[in-house]
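Mind the numbering: the sequence shown is residues 65 to 190 in our numbering, read in order.
C-beta: ideal position from N, C-alpha, C; glycine also.
Some notes on the structure that comes next.
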Amino acid sequence: MKKMIDSRYLEIQEILRRLGNVKTRKSMYLGDCRKDYFLIEVFLIGFYLGVNVRPKSLDGHWSIKKEVLTKRGWDPKNTLVGNQMLSSGMDHLAVIDEILEIEIETWKLLLERSANSELSESGQKV
């Protein structure tokens with residue numbers, strides 16, 4: 065069990081590192097981001113397939129993402145959150161930044177909550 069948890073921790077750390085790289089060098093990963101926010105949506109689908117992760121199947125990922133979306137003012141029931149962002153006046157580049165921030169924040173919270181859950185299960189103070 066511990067080995068699986070350690071492995072999951074490392075996988076999430078790697079996902080966070082790579083998403084940070086995308087955020088830093090968007091045009092290298094996505095091309096011209098000024099004209100089409102959907103580039104990030106397509107990229108994320110390919111990215112998660114490439115790292116062999118299905119976020120919605122992970123314990124807590126989707127509920128955390130809905131929480132993050134709501135906290136940031138977006139309707140998680142609307143599957144095209146990027147369209148909400150465009151309608152609010154954001155340009156495509158700002159939408160890409162926001163979607164990446166949402167992904168990064170979701171993974172960070174998942175990592176934090178997984179670690180806290182493991183500590184409480186082992187009897188250590190959280």
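In summary, T143 is exposed, with fewer than 16 beta-carbon neighbours lying within 10 Å of its beta-carbon over all protein chains present.
For the alpha helix (DSSP H) assignment, the uninterrupted runs of no fewer than 4 residues enclosed by the region 66 to 130 are, from N- to C-terminal side, 66 to 88, 90 to 94, 102 to 114.
Distance check between K90 and each of K172, L174, A179, E162 places E162 closest, using alpha-carbon atoms only. In the three-state scheme derived from DSSP, where H, G and I count as helix and E and B as strand, W138 is classed as coil.
Here the alpha carbon of K141 sits roughly 13 Å from the alpha carbon of I128. When secondary structure is reduced to three states using DSSP, M149 falls in the helix class. Going by C-alpha positions, M149 is about 13 Å away from L164. It is roughly 31 Å from the alpha-carbon of L174 to the alpha-carbon of D96.
The shortest CA-to-CA distance from E131 to any of T170, R72, V86 is the one to T170. Proximity to N116 across Y101, G146, I79 peaks at I79, based on C-alpha coordinates.
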